[in-house]
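Undergrad: Every number in my numbering is 6 more than the matching position in the sequence shown, counting from 1.
The beta carbon of each residue, even a glycine, is placed where N, CA and C say it ideally should be.
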Amino acid sequence: MIVTLLFLLPQSRIKNFLLKIAGVNIRSSATVRPILVIGTKDIVIGENASIGALCMVRDLESFHIGAYCFIGKLNYFSSYREVARNVTGGWFRMSDHSKVLSRHYFDCSGGVSIGRMSSVAGHESKFLTHSTDLKRNVVTAYPITIGDYCFVGAYSVLLGGAELPSKSILAAGSLMTRAKNQNLPAGLWTGRPARFLKPYDGAWFTRSAMHSNVAVSNEIKKPHGSYHA
7 MIVTLLFLLP
17 QSRIKNFLLK
27 IAGVNIRSSA
37 TVRPILVIGT
47 KDIVIGENAS
57 IGALCMVRDL
67 ESFHIGAYCF
77 IGKLNYFSSY
87 REVARNVTGG
97 WFRMSDHSKV
107 LSRHYFDCSG
117 GVSIGRMSSV
127 AGHESKFLTH
137 STDLKRNVVT
147 AYPITIGDYC
157 FVGAYSVLLG
167 GAELPSKSIL
177 AAGSLMTRAK
187 NQNLPAGLWT
197 GRPARFLKPY
207 DGAWFTRSAM
217 HSNVAVSNEI
227 KKPHGSYHA
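#1: With H, G and I counted as helix, E and B as strand and the rest as coil, what does DSSP make of residue 64?
#2: Let me know the secondary structure DSSP gives residue 54 once reduced to three states.
#3: Are the CB atoms of residue 65 and residue 46 within a distance shorter than 8 Å?
#4: Evaluate residue 198 with the Cβ neighbour count: other Cβ atoms within 10 Å of its Cβ, from every protein chain shown; 16 or more gives buried, anything less gives exposed.
#5: Alpha carbon to alpha carbon, what distance is there between residue 139 and residue 42?
#6: So for residue 209, helix, strand or coil by DSSP?
#7: My output table needs one value for residue 168: the three-state DSSP class, helix, strand or coil.
#8: With burial defined as no fewer than 16 other Cβ atoms inside 10 Å of the residue's Cβ, what is the status of residue 67: buried or exposed?
#9: Would the beta-carbon of residue 39 fall within 8 Å of that of residue 58?
#10: Does residue 235 come out as helix, strand or coil in the three-state DSSP assignment?
#11: Along the alpha helix (DSSP H) that carries residue 26, what are the first and last residues, could you check?
#12: For a quick check, are the C-beta atoms of residue 147 and residue 161 less than 8 Å apart?
#13: Which same chain residues end up closer than 6 Å to residue 24 when comparing Cβ atoms and leaving out the 5 residues on each side of it in sequence?
#14: Looking at the structure shown, is residue 31 part of a helix, part of a strand, or coil, going by DSSP?
#15: Counting along the chain, where does the beta strand (DSSP E) carrying residue 120 start and finish?
Now the structure itself:
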């Protein structure tokens, strides 16, 4: 209850100090706007990480945010606790310099991992790790894994067991299902269900900063290889 109340406070170094006293592993340089945290045990918020207002983190075994990560506002992180315990799930992990923009939903029952320098872009993507196995009549969960330097477009849906290889794009509106093998090719994935379309490269996949530069007017040309919407 104390941790829940502290997370609702406005951002300040005093807030971070009080969270540390309450047992939260948070760096003093982190920025955490008022968010609702309920029933979540192991919380780590790294150096210069930022979490936007009105996010909810509910019933997770662990919530680990790496250094220089960015989470926008109105994101929802939760788990089906009974299922999560059976599959050692209930966790959410973001590696350093990764970002999640606004209004996304993460069912972390089976666990969700987002790799370094990766981006869950746009709005309203859904990560759904648990479901009902109709043949066995049981509820189960599988982790979702996003590799390093990956880009997940807006309104995408990822189901339990989905894996997006490092340096890959999941085009906006795609549905990614459980991976069928371990040697998935890197590049552009698109469709419902998502299929590998072609290799893809660009400066975004070798950048050293989390955020992209804004194009100036004389650089704006006919869109080419844009997967943000």
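TA: The answer reads as follows:
#1: Within the sequence shown, the letter at position 58 stands for residue 64. Reduced to three states, the DSSP call for residue 64 is strand.
#2: Walking along the sequence shown from the start, residue 54 turns up at place 48. Reduced to three states, the DSSP call for residue 54 is coil.
#3: The residue you call residue 46 lines up with position 40 of the sequence shown. The residue you call residue 65 lines up with position 59 of the sequence shown. Yes.
#4: Within the sequence shown, residue 198 is the residue found at index 192, counting from 1. Residue 198 is exposed by the Cβ-count criterion.
#5: For the purposes of this step, residue 42 is taken as the residue at position 36 of the sequence shown. For the purposes of this step, residue 139 is taken as the residue at position 133 of the sequence shown. For residue 42 and residue 139, the distance between alpha carbons rounds to 32 Å.
#6: Counted from its first residue, the sequence shown places residue 209 at position 203. DSSP places residue 209 in helix when its eight states are reduced to three.
#7: Residue 168 sits at position 162 when you count from the first residue of the sequence shown. Of the three classes helix, strand and coil, the one that applies to residue 168 here is coil, per DSSP.
#8: Locating residue 67 in the sequence shown gives position 61, counting from the first residue. Classification of residue 67: buried, given that the 10 Å Cβ count is 16 or more.
#9: Within the sequence shown, numbered from 1, the residue matching residue 39 stands at position 33. Within the sequence shown, numbered from 1, the residue matching residue 58 stands at position 52. Yes; because the gap between Cβ atoms is below 8 Å, this pair is in contact.
#10: For the purposes of this step, residue 235 is taken as residue 229 along the sequence shown, with counting starting at 1. Legend: pLDDT at residue 235 = 45, less than 50; position of this residue unreliable, no value from coordinates given.
#11: Taking the sequence shown and counting its residues from 1, the one referred to as residue 26 is at position 20. Where residue 26 is concerned, the enclosing alpha helix (DSSP H) stretches over 19-27.
#12: Here residue 147 refers to the residue found at position 141 of the sequence shown. Here residue 161 refers to the residue found at position 155 of the sequence shown. Contact flag unset, no.
#13: Walking along the sequence shown from the start, residue 24 turns up at place 18. Around residue 24: 12.
#14: Taking the first residue of the sequence shown as position 1, residue 31 is located at position 25. Looking at residue 31 - three-state DSSP - the assignment turns out to be strand.
#15: If you number the sequence shown from 1, residue 120 lands on position 114. Counting along the chain, the beta strand (DSSP E) containing residue 120 begins and ends at 118-120.
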